[in-house]
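Heads up: the sequence shown at position 155 corresponds to 1149 in this note's numbering, and the numbers run straight through without jumps. Report on one structure; see the data block that follows.
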Amino acid sequence: MNLYKYLFIFTLITVVGCTKKTIKIPVLNVAGIQDTIYDNSQIWIFAEEKDGDTIATLNRKNSIATTSWIYNIDKNLPMSLVVPYLQKLTEKREKPALHEKDEDDFNYFSYVDSDANLLSMVKFDVIYFDTNKSIDKNSFLKDTLNKHVVIDYNQKGLAINDSVISIDNLNNYFVKRSPEKKTTVHLTFDKDLKYEDYLLLKARLQNSNNIKLDTIEFVN
(Lines of atoms letter the chains of each structure in order from A and count residues from 1; the text may use other names and numbers.)
(Lines give C-alpha, C1' and ligand atoms only; values in the text may rest on other atoms or scores of the structure.)
Protein backbone atom coordinates (compact mmCIF):
# COMPACT_ATOMS: atom_id res chain seq x y z
CA MET A 1 0.00 0.00 0.00
CA ASN A 2 1.24 3.50 -0.80
CA LEU A 3 2.65 4.90 2.47
CA TYR A 4 1.20 8.34 1.76
CA LYS A 5 -2.26 6.85 1.45
CA TYR A 6 -1.78 4.67 4.51
CA LEU A 7 -0.93 7.60 6.74
CA PHE A 8 -4.15 9.34 5.82
CA ILE A 9 -6.22 6.51 7.25
CA PHE A 10 -5.58 7.90 10.71
CA THR A 11 -5.70 11.44 12.08
CA LEU A 12 -3.50 13.53 9.85
CA ILE A 13 -0.52 15.22 11.42
CA THR A 14 1.47 17.99 9.87
CA VAL A 15 4.03 20.44 11.19
CA VAL A 16 3.65 24.15 10.65
CA GLY A 17 6.80 25.88 11.74
CA CYS A 18 7.49 24.50 15.21
CA THR A 19 3.84 23.85 16.00
CA LYS A 20 2.35 20.39 15.51
CA LYS A 21 -1.26 20.45 14.38
CA THR A 22 -3.69 17.64 13.73
CA ILE A 23 -6.48 17.39 11.24
CA LYS A 24 -9.23 14.79 10.84
CA ILE A 25 -10.28 14.37 7.24
CA PRO A 26 -13.70 12.88 6.39
CA VAL A 27 -14.15 9.12 6.49
CA LEU A 28 -16.78 8.05 3.93
CA ASN A 29 -18.06 4.71 2.68
CA VAL A 30 -17.88 5.92 -0.92
CA ALA A 31 -15.48 4.87 -3.66
CA GLY A 32 -13.54 7.82 -5.02
CA ILE A 33 -10.49 8.71 -7.05
CA GLN A 34 -7.49 6.79 -5.73
CA ASP A 35 -4.96 7.65 -8.41
CA THR A 36 -1.69 9.08 -7.18
CA ILE A 37 -1.53 12.79 -8.03
CA TYR A 38 2.22 13.22 -8.37
CA ASP A 39 2.42 16.92 -9.23
CA ASN A 40 0.40 18.42 -6.39
CA SER A 41 0.29 21.01 -3.65
CA GLN A 42 -1.28 20.31 -0.27
CA ILE A 43 -3.79 22.78 1.19
CA TRP A 44 -4.65 22.36 4.88
CA ILE A 45 -7.63 23.83 6.73
CA PHE A 46 -7.53 23.04 10.45
CA ALA A 47 -10.15 23.21 13.18
CA GLU A 48 -8.93 24.93 16.35
CA GLU A 49 -10.42 26.12 19.60
CA LYS A 50 -10.00 29.78 20.55
CA ASP A 51 -11.74 31.39 23.53
CA GLY A 52 -14.27 28.57 23.59
CA ASP A 53 -15.14 28.90 19.89
CA THR A 54 -14.18 26.76 16.91
CA ILE A 55 -12.18 28.58 14.26
CA ALA A 56 -10.65 27.50 10.95
CA THR A 57 -7.01 28.16 10.12
CA LEU A 58 -5.33 27.80 6.75
CA ASN A 59 -1.90 26.60 5.72
CA ARG A 60 -1.12 26.88 2.02
CA LYS A 61 2.53 27.96 2.27
CA ASN A 62 3.72 25.32 -0.17
CA SER A 63 1.00 25.73 -2.80
CA ILE A 64 2.26 26.13 -6.36
CA ALA A 65 -0.04 27.50 -9.05
CA THR A 66 1.16 25.10 -11.76
CA THR A 67 0.17 21.95 -9.83
CA SER A 68 -2.99 20.18 -8.81
CA TRP A 69 -4.24 21.29 -5.40
CA ILE A 70 -5.36 18.74 -2.82
CA TYR A 71 -7.55 20.19 -0.08
CA ASN A 72 -7.27 18.48 3.32
CA ILE A 73 -10.05 19.93 5.47
CA ASP A 74 -11.08 19.00 8.99
CA LYS A 75 -14.32 17.06 8.85
CA ASN A 76 -15.86 18.78 11.89
CA LEU A 77 -15.71 22.32 10.53
CA PRO A 78 -19.05 23.89 9.56
CA MET A 79 -19.35 25.12 6.00
CA SER A 80 -19.64 28.70 7.27
CA LEU A 81 -15.95 28.50 8.29
CA VAL A 82 -14.74 26.51 5.29
CA VAL A 83 -16.37 28.51 2.49
CA PRO A 84 -14.52 31.83 3.04
CA TYR A 85 -11.19 30.07 2.56
CA LEU A 86 -12.41 28.19 -0.51
CA GLN A 87 -13.66 31.47 -1.98
CA LYS A 88 -10.31 33.19 -1.45
CA LEU A 89 -8.31 30.27 -2.81
CA THR A 90 -10.54 29.93 -5.87
CA GLU A 91 -10.19 33.65 -6.59
CA LYS A 92 -6.43 33.45 -6.25
CA ARG A 93 -6.13 30.32 -8.39
CA GLU A 94 -8.32 31.66 -11.20
CA LYS A 95 -6.76 35.12 -11.26
CA PRO A 96 -4.61 35.66 -14.38
CA ALA A 97 -0.98 35.32 -13.41
CA LEU A 98 2.46 34.89 -14.89
CA HIS A 99 2.38 31.16 -14.14
CA GLU A 100 -1.16 29.86 -14.60
CA LYS A 101 -2.28 26.32 -13.86
CA ASP A 102 -2.12 23.84 -16.71
CA GLU A 103 -5.20 22.31 -18.28
CA ASP A 104 -4.51 19.00 -16.53
CA ASP A 105 -4.15 20.62 -13.09
CA PHE A 106 -7.29 20.19 -11.00
CA ASN A 107 -8.51 20.56 -7.45
CA TYR A 108 -9.31 17.66 -5.16
CA PHE A 109 -10.97 17.22 -1.77
CA SER A 110 -9.34 14.39 0.20
CA TYR A 111 -11.08 11.79 2.35
CA VAL A 112 -10.66 8.19 3.50
CA ASP A 113 -12.67 5.50 1.73
CA SER A 114 -13.62 3.38 4.74
CA ASP A 115 -14.37 0.31 2.61
CA ALA A 116 -11.07 0.28 0.71
CA ASN A 117 -9.18 1.75 3.68
CA LEU A 118 -7.42 4.16 1.33
CA LEU A 119 -7.06 7.85 0.74
CA SER A 120 -9.55 8.90 -1.94
CA MET A 121 -10.48 12.17 -3.59
CA VAL A 122 -13.32 14.15 -5.07
CA LYS A 123 -12.22 16.03 -8.17
CA PHE A 124 -13.48 19.51 -8.99
CA ASP A 125 -12.48 22.34 -11.27
CA VAL A 126 -14.02 25.59 -10.03
CA ILE A 127 -16.72 26.23 -7.42
CA TYR A 128 -18.21 29.66 -6.82
CA PHE A 129 -20.00 29.95 -3.50
CA ASP A 130 -22.91 32.35 -3.13
CA THR A 131 -23.53 33.27 0.51
CA ASN A 132 -25.51 36.44 -0.12
CA LYS A 133 -28.77 35.05 -1.47
CA SER A 134 -30.81 31.85 -1.58
CA ILE A 135 -31.20 29.76 -4.69
CA ASP A 136 -34.15 30.61 -6.92
CA LYS A 137 -35.54 27.11 -7.48
CA ASN A 138 -38.41 28.28 -9.70
CA SER A 139 -36.04 29.69 -12.31
CA PHE A 140 -34.64 26.21 -12.88
CA LEU A 141 -37.78 24.13 -12.53
CA LYS A 142 -39.65 26.25 -15.09
CA ASP A 143 -37.04 25.51 -17.74
CA THR A 144 -38.79 22.90 -19.89
CA LEU A 145 -35.98 22.65 -22.45
CA ASN A 146 -33.34 21.39 -20.04
CA LYS A 147 -33.31 19.05 -17.06
CA HIS A 148 -32.61 20.55 -13.67
CA VAL A 149 -32.45 19.15 -10.16
CA VAL A 150 -32.11 21.25 -7.02
CA ILE A 151 -30.55 19.46 -4.05
CA ASP A 152 -31.02 21.09 -0.67
CA TYR A 153 -28.87 19.67 2.12
CA ASN A 154 -29.12 20.76 5.74
CA GLN A 155 -28.71 19.22 9.18
CA LYS A 156 -32.21 17.68 9.01
CA GLY A 157 -31.53 15.79 5.78
CA LEU A 158 -31.51 16.00 2.02
CA ALA A 159 -34.22 16.99 -0.44
CA ILE A 160 -34.37 16.89 -4.23
CA ASN A 161 -36.76 19.42 -5.77
CA ASP A 162 -38.33 19.70 -2.27
CA SER A 163 -38.90 15.93 -1.99
CA VAL A 164 -37.06 14.32 0.92
CA ILE A 165 -34.69 11.50 -0.06
CA SER A 166 -32.08 9.40 1.72
CA ILE A 167 -28.56 10.24 0.63
CA ASP A 168 -27.97 6.47 0.28
CA ASN A 169 -30.58 6.44 -2.51
CA LEU A 170 -29.06 9.36 -4.38
CA ASN A 171 -27.31 7.32 -7.07
CA ASN A 172 -30.46 5.24 -7.70
CA TYR A 173 -32.41 8.46 -8.20
CA PHE A 174 -30.21 9.52 -11.12
CA VAL A 175 -30.01 6.01 -12.58
CA LYS A 176 -33.79 5.99 -12.98
CA ARG A 177 -33.84 9.31 -14.81
CA SER A 178 -33.91 9.42 -18.60
CA PRO A 179 -30.31 9.04 -19.84
CA GLU A 180 -30.56 10.82 -23.19
CA LYS A 181 -29.75 14.24 -21.75
CA LYS A 182 -27.54 15.41 -18.90
CA THR A 183 -29.23 16.71 -15.78
CA THR A 184 -27.85 19.94 -14.32
CA VAL A 185 -27.64 19.66 -10.55
CA HIS A 186 -27.83 22.80 -8.43
CA LEU A 187 -26.65 22.57 -4.83
CA THR A 188 -27.72 24.55 -1.78
CA PHE A 189 -26.37 23.94 1.72
CA ASP A 190 -27.03 25.00 5.28
CA LYS A 191 -24.06 27.07 6.46
CA ASP A 192 -23.98 25.01 9.69
CA LEU A 193 -23.67 21.71 7.80
CA LYS A 194 -20.48 19.87 8.70
CA TYR A 195 -17.84 19.67 5.99
CA GLU A 196 -17.86 15.87 6.20
CA ASP A 197 -21.56 15.82 5.24
CA TYR A 198 -20.93 18.27 2.43
CA LEU A 199 -18.18 16.07 1.04
CA LEU A 200 -20.31 12.93 1.37
CA LEU A 201 -22.81 14.46 -1.03
CA LYS A 202 -20.10 15.59 -3.45
CA ALA A 203 -18.49 12.13 -3.38
CA ARG A 204 -21.77 10.39 -4.16
CA LEU A 205 -22.54 12.82 -6.97
CA GLN A 206 -19.10 12.18 -8.43
CA ASN A 207 -20.19 8.56 -8.90
CA SER A 208 -23.54 9.46 -10.47
CA ASN A 209 -23.84 9.14 -14.23
CA ASN A 210 -25.08 11.72 -16.71
CA ILE A 211 -25.16 14.74 -14.42
CA LYS A 212 -23.49 18.12 -14.57
CA LEU A 213 -22.88 20.12 -11.40
CA ASP A 214 -23.56 23.82 -11.47
CA THR A 215 -20.38 25.70 -10.67
CA ILE A 216 -22.35 27.99 -8.34
CA GLU A 217 -23.23 26.56 -4.92
CA PHE A 218 -25.45 28.36 -2.43
CA VAL A 219 -24.51 28.33 1.26
CA ASN A 220 -26.89 30.14 3.61
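Backbone N, C-alpha and C fix where the C-beta goes; we use that ideal spot for every residue, glycine too.
Under the three-state DSSP convention, the category residue i falls into
{"i": "N1155", "result": "coil"}
{"i": "T1084", "result": "helix"}
{"i": "D1208", "result": "strand"}
{"i": "I1161", "result": "helix"}
{"i": "Y1122", "result": "strand"}
Where residue i falls, given that 16 or more other Cβ within 10 Å makes a residue buried
{"i": "L1113", "result": "buried"}
{"i": "Q1200", "result": "buried"}
{"i": "E1085", "result": "exposed"}
{"i": "E1211", "result": "buried"}
{"i": "S1104", "result": "buried"}
{"i": "G1151", "result": "exposed"}
{"i": "N1101", "result": "buried"}
{"i": "N1066", "result": "buried"}
Element boundaries [beta strand (DSSP E), containing residue i]
{"i": "V1144", "result": "1141-1148"}
{"i": "L937", "result": "With the chain covering 995 to 1214 only, the question about residue 937 has no answer from this structure."}
{"i": "L1071", "result": "Unbroken run through L1071: none, as it is neither H nor E."}
{"i": "N1101", "result": "1101-1107"}
Residue range of the unbroken alpha helix (DSSP H) whose run includes residue i
{"i": "D1191", "result": "1189-1200"}
{"i": "N1132", "result": "1131-1135"}
{"i": "N1053", "result": "Per DSSP, N1053 belongs to no alpha helix (DSSP H); it is in the beta strand (DSSP E), 1047-1053."}
{"i": "N1166", "result": "1164-1170"}
Closest by C-alpha distance to residue i, when choosing among the options
{"i": "I1058", "options": "I1154, R1087, Q1081", "result": "R1087"}
{"i": "D1109", "options": "L1022, A1050, S1157, E1190", "result": "L1022"}
{"i": "Q1028", "options": "K1206, F1134, V1106, D1162", "result": "V1106"}
{"i": "K1206", "options": "N1140, S1157, A1153, S1062", "result": "N1140"}
{"i": "N1070", "options": "Y1102, T1209, L1187", "result": "L1187"}
{"i": "N1132", "options": "N1155, D1098, K1150", "result": "N1155"}
{"i": "V1233", "options": "Q1081, D1146, L1075, T1178", "result": "In the structure displayed, the chain extends from 995 to 1214; residue 1233 sits before or after that span and is not available."}
{"i": "K1175", "options": "T1138, F1123, L1083, I1017", "result": "T1138"}
{"i": "L1052", "options": "G1046, E1042, T1060, T1061", "result": "E1042"}
One or two residues paired with residue i in a DSSP bridge
{"i": "I1019", "result": "I1019 is not bridged to any residue."}
{"i": "A1041", "result": "A1050"}
{"i": "N1066", "result": "W1038"}
{"i": "V1213", "result": "F1183"}
{"i": "S1217", "result": "Here the chain comprises residues numbered 995 to 1214, so residue 1217 is not present and cannot be evaluated."}
{"i": "I1114", "result": "As written in the sequence, residue 1114 is Ser, which differs from the Ile given in the question. Partner(s): Y1105."}
{"i": "I1027", "result": "M1115"}
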